[in-house]
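2 protein chains.
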Amino acid sequence: MVNIAVMGYGTVGSGVVEVINTNGDIINQRAGDDINIKYVLDLRDFPGDPVQEKIVHNVDEIINDPEIRIVVEVMGGIEPAYTFVKKCLEAGKSVVTSNKALVAKHGAELLSIARERELNFLFEASVGGGIPIIRALNSSLTADKIEEITGILNGTTNYMLSKMFYEGADYDEVLKEAQDNGFAERNPEADVEGYDACRKIAILSSLISGQQVDFEDIYTEGITKITKEDMLYAKELGMTIKLLASSKRHGDHLHAIVAPALLRKGHPLYSVDGVFNAVFVHGNVLGDAMFYGSGAGKLPTASAVVADVVDAAKHLHRNIMTMWKSEKLELLPIEDTVRTFLVRMSGNAEARRGEVEKLFGDVQIIQVDGLDGEFGFVTAEMTEGEYAQKAAEAEGILHMIRIEE
Amino acid sequence: MVNIAVMGYGTVGSGVVEVINTNGDIINQRAGDDINIKYVLDLRDFPGDPVQEKIVHNVDEIINDPEIRIVVEVMGGIEPAYTFVKKCLEAGKSVVTSNKALVAKHGAELLSIARERELNFLFEASVGGGIPIIRALNSSLTADKIEEITGILNGTTNYMLSKMFYEGADYDEVLKEAQDNGFAERNPEADVEGYDACRKIAILSSLISGQQVDFEDIYTEGITKITKEDMLYAKELGMTIKLLASSKRHGDHLHAIVAPALLRKGHPLYSVDGVFNAVFVHGNVLGDAMFYGSGAGKLPTASAVVADVVDAAKHLHRNIMTMWKSEKLELLPIEDTVRTFLVRMSGNAEARRGEVEKLFGDVQIIQVDGLDGEFGFVTAEMTEGEYAQKAAEAEGILHMIRIEE
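Chains as they are written, first to last, in the working numbering: chain C, 1 to 405; chain P, 406 to 810.
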């Protein structure tokens with residue numbers, strides 16, 4: 001029997017208990033031993049809930065119990081999660097977490113403690129919920145140099161952008177609806193400003209580069225300025241707009257960014273709609289691959305957590321996770337990255353063509369039916385720095401959206 | 406150093422050598438040891454090729470060399486591959502293969518020999534080329550009861566059906582073009598009749614059920630009867646037609662089938678076009694997930710083979726693969742499976758409505774612009790047995806295509 005403790009009895013924590021109860025037989029068979037939840041740590045009591053008898057309020061009960069081999073951390077947030085997880089590892093227990101903030105901030109250190117003690121620190125559920133992207137990078141795509149990883153890593157914003165695209169709704173309207181349906185939080189900042197996606201791409205970037213990528217270094221732009229007019233331009237171009245979190249190799253450098261981007265029909269991420277998440281990977285020998293699934297939700301996330309518990313139980317004395325060095329990776333400055341841009345400009349296209357071409361050279365002018373008094377154009381490839389310089393000289397730019405190759 | 410031998414220097418075999426040469430540094434780092442190709446087994450010589458000095462013509466040189474720890478079998482076909490692989494395992498070497506025919510036929514036995522000897526028999530590349538679906542089922546989706554696995558597992562037929570759908574081309578035309586482009590073989594039977602997809606879904610079915618699923622037991626229908634008219638009906642219904650290889654749980658039973666099917670827009674497999682493959686999985690707690698990538702091709706397949714070599718090298722004395730029992734699983738007879746059907750019928754819809762409704766009850770009649778003298782209808786849900794009975798009584802049925810829920 002392998003005794004485990006679950007720290008946090010919120011949505012994911014109760015999902016973990018539910019998954020282990022529902023699929024116990026096959027989980028035990030695959031783990032090669034019976035998984036037993038001995039403790040659930042929470043500040044609250046849950047009278048009437050079968051879990052009540054396992055509830056403990058003090059983490060030391062878990063840390064000091066040598067019977068506990070694996071600890072599941074699903075509390076979220078940096079503290080006290082970080083302190084608890086570190087103590088558990090130091091006490092010889094493997095740790096499984098769904099906590100992206102913790103992994104993005106302290107992953108290198110916690111992985112290294114686990115490695116030194118022949119334990120495991122696993123975090124499949126921290127990126128893409130039920131999508132097994134971490135394990136794919138760790139143990140499947142091992143013959144490849146990963147040259148690009150681009151994901152739709154936030155379900156709330158993808159739900160909102162899908163609604164805006166298909167129904168022509170505007171941002172505020174869609175946000176309100178998403179909040180009413182429980183797809184967005186009352187304080188939606190972490191999602192709509194891209195902070196959630198940013199932490200996730202930081203984790204993936206650290207994994208593929210083998211070095212710590214600080215999320216604070218990643219240029220991050222949310223979807224709050226995306227309008228229904230932008231979606232009309234996207235349609236005119238045969239594209240859609242997605243919040244992409246992306247990490248690409250340029251020589252020895254990595255370039256990471258979170259921002260809304262125009263995506264062409266035919267790109268594997270184009271048709272990822274609603275609350276679903278997906279991760280596109282390009283390997284130098286594998287070519288293109290894509291992983292798709294529920295990026296959040298109680299049971300999909302719990303499924304990933306429990307799969308990590310199974311792996312930890314199968315490898316109680318053997319470290320299986322690739323680690324990354326705590327030495328920080330310098331990202332390519334955003335000014336030096338190259339791409340094309342869709343620019344929306346006020347005024348009459350014909351009247352202003354000369355002005356535009358003087359700054360941006362030969363461009364493709366886009367006129368959307370029903371949008372009077374403005375026009376759009378797609379620039380040639382240039383660096384973000386060049387674009388910023390030109391944009392500063394131009395007058396009447398309404399909005400700029402990056403185009404994903 | 407871990408010495409390996411590659412059996413077969415054809416497309417995949419030369420790809421394996423190329424991948425190890427190209428990405429040697431990162432591969433060795435991930436394997437935790439240097440991977441060295443000591444022998445390449447082939448009947449031919451390759452004068453001038455750097456591999457020539459490693460060429461051996463007799464498998465015994467590999468089997469009898471205790472330095473060889475891992476053997477890569479990429480010859481294809483059942484014999485002599487089966488005899489060679491079995492001897493290698495019995496001689497204490499782990500085996501990695503891309504050979505779907507071998508795995509579908511002898512997987513249970515070879516897995517069991519590997520398990521007894523604490524070796525590994527790995528076959529990621531046998532299904533879906535570069536898509537890491539085997540490892541996902543083996544070590545990622547371990548918290549789930551897999552209730553459905555449905556794949557587009559053959560690139561040739563998917564390329565052809567995509568062309569027919571988007572360009573309105575007919576079967577013969579598209580087959581010829583695919584042959585001219587090298588996407589289809591001169592003798593295309595294994596692809597277009599569904600035999601290739603059938604072996605792959607047999608492997609996936611064995612993995613998710615834990616028992617041998619014989620590919621001979623799987624109802625298999627190819628794409629040779631799909632016409633451009635069928636595609637027009639698909640478009641009228643807002644659907645497309647894909648060759649689906651599918652395995653679904655019904656209570657204790659598994660129902661497996663390979664057949665062209667109508668697939669609704671919005672299904673994750675709908676937009677998988679061209680030579681790409683994809684596997685859709687539904688788990689009882691995970692929900693929907695999808696894996697997408699190059700299903701064939703020299704380098705993507707070699708990438709999967711080499712990832713297995715890395716895993717075998719990391720686990721030289723530890724069996725890591727779930728096995729399935731050689732005891733055969735009885736599939737649900739096709740007659741008892743339930744679905745809806747698109748039926749194309751000759752004649753005038755209004756004139757024949759009574760006749761159709763007498764047999765099939767209330768149906769949705771579909772009339773396609775430009776297709777005179779015929780009409781279509783979608784049946785209610787019924788078993789294949791019921792459908793066959795009704796179809797035998799009906800006159801003038803031009804074609805029937807199953808609809809995927």
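We put the CB at the ideal spot given by N, CA and C, even for glycine.
Quiz item: Would DSSP call residue 840 (chain P) helix, strand or coil?
Solution: Coverage of chain P is limited to positions 406 through 810, which leaves residue 840 (chain P) absent and any answer about it impossible.
Quiz item: For the region 704–716 of chain P, which residues have a beta carbon sitting closer than 7 angstroms to at least one beta carbon of chain C?
Solution: 704, 705, 707, 708, 711, 712, 715, 716
Quiz item: Does the beta carbon of residue 427 (chain P) come closer than 8 angstroms to any beta carbon on chain C?
Solution: yes
Quiz prompt | Residue-level contact to chain P via CB, residue 132 (chain C), 8 angstroms cutoff | solution = yes
Quiz item: Going along the chain, which residues of its own chain have a beta-carbon closer than 7 angstroms to the beta-carbon of residue 203 (chain C), five neighbours each way excluded?
Solution: 100, 103, 104, 107, 126, 127
Exercise. Can you say whether residue 267 (chain C) is buried or exposed, counting buried as having 16 or more other CB atoms within 10 angstroms of its CB?
Key: buried
Quiz item: Measuring CA to CA, which of P:599, P:778, P:785 is closest to residue 664 (chain P)?
Solution: P:599
Quiz item: Under 8 angstroms between C-beta atoms, does residue 542 (chain P) make it to chain C?
Solution: no
Quiz item: Which class does residue 645 (chain P) belong to by DSSP, given the choice of helix, strand or coil?
Solution: strand
Quiz item: Hey, residue 757 (chain P) and residue 808 (chain P): beta-carbon distance below 8 angstroms or not?
Solution: no
Quiz item: Would you call residue 571 (chain P) buried or exposed, if buried means 16 or more other Cβ atoms sit within 10 Å of its Cβ?
Solution: exposed
Exercise. Would you please verify whether the beta carbon of residue 285 (chain C) is less than 8 angstroms from any beta carbon of chain P?
Key: yes
Quiz prompt | Span of the beta strand (DSSP E), counted from its first residue to its last, around residue 727 (chain P) | solution = Per DSSP, residue 727 (chain P) belongs to no beta strand (DSSP E) and is neither H nor E.
Self-check item: Within chain C, partners of residue 431 (chain P) - CB distance below 7 angstroms
Solution: 145
Exercise. Find the nearest neighbour of residue 30 (chain C) within the set C:148, C:315, C:201, judged by alpha-carbon distance.
Key: C:315
Quiz item: Should residue 262 (chain C) be flagged as near chain P, meaning a C-beta pair shorter than 8 angstroms?
Solution: no
Exercise. With a 10 Å radius around its C-beta and 16 neighbouring C-beta atoms as the bar for buried, classify residue 225 (chain C) as buried or exposed.
Key: exposed
Practice problem: With 7 angstroms as the C-beta to C-beta threshold (strictly closer), list the residues of the region 2–19 of chain C near chain P in chain order. | Solution: 19
Exercise. Out of P:538, P:550, P:805, point me to the one whose CA is closest to residue 657 (chain P)'s CA.
Key: P:550
Quiz item: Which residues in chain C sit within 7 angstroms of residue 694 (chain P), going by Cβ to Cβ distance?
Solution: 130, 131, 292, 293
Exercise. Report the three-state DSSP secondary structure of residue 503 (chain P) (helix, strand or coil).
Key: coil
Self-check item: Proximity test, Cβ basis, 8 angstroms: residue 30 (chain C) and chain P
Solution: yes
Quiz item: So which residues of chain C does residue 673 (chain P) contact, with C-beta pairs closer than 7 angstroms?
Solution: 292
Practice problem: Starting from residue 30 (chain C), trace the alpha helix (DSSP H) both ways and give me its first and last residue. | Solution: 24–31
Practice problem: Below 8 angstroms on the Cβ atoms is my guess for residue 739 (chain P) versus residue 646 (chain P); work out the distance and round it to an integer in Å. | Solution: At roughly 19 angstroms, the Cβ-Cβ gap does not stay under 8 angstroms, so residue 739 (chain P) and residue 646 (chain P) are not in contact.
Practice problem: Identify the continuous alpha helix (DSSP H) that holds residue 201 (chain C) and give its terminal residues. | Solution: 195–209
Quiz item: For residue 753 (chain P), which option in P:767, P:579, P:776, P:659 has the closest C-alpha, if you only look at C-alpha atoms?
Solution: P:776
Quiz prompt | Beta-ladder partner(s) of residue 345 (chain C), from DSSP | solution = C:375, C:397
Quiz prompt | At least three beta-carbon pairs within less than 8 angstroms, the region 526–546 of chain P to the region 673–687 of chain P | solution = yes
Quiz item: What is the rounded straight-line gap between the Cα of residue 25 (chain C) and the Cα of residue 319 (chain C)?
Solution: 25 angstroms
Quiz prompt | Inter-residue spacing [alpha-carbon to alpha-carbon] between residue 161 (chain C) and residue 634 (chain P) | solution = 36 angstroms
Quiz item: Do three or more CB pairs link the region 689–696 of chain P to the region 571–585 of chain P at distances below 8 angstroms?
Solution: no
Quiz item: Whose C-alpha, out of P:805, P:632, P:459, P:586, is nearest the C-alpha of residue 573 (chain P)?
Solution: P:632
Quiz item: Of all Cβ atoms in chain P, is any one closer than 8 angstroms to the Cβ of residue 140 (chain C)?
Solution: yes
Quiz prompt | When C:296, C:306, C:283 are compared against residue 23 (chain C), the one with the closest alpha-carbon | solution = C:306
Practice problem: In the DSSP assignment, find the unbroken alpha helix (DSSP H) run with residue 443 (chain P) in it and report its ends. | Solution: Where residue 443 (chain P) is concerned, there is no enclosing alpha helix (DSSP H), although the beta strand (DSSP E) it sits in stretches over 440–446.
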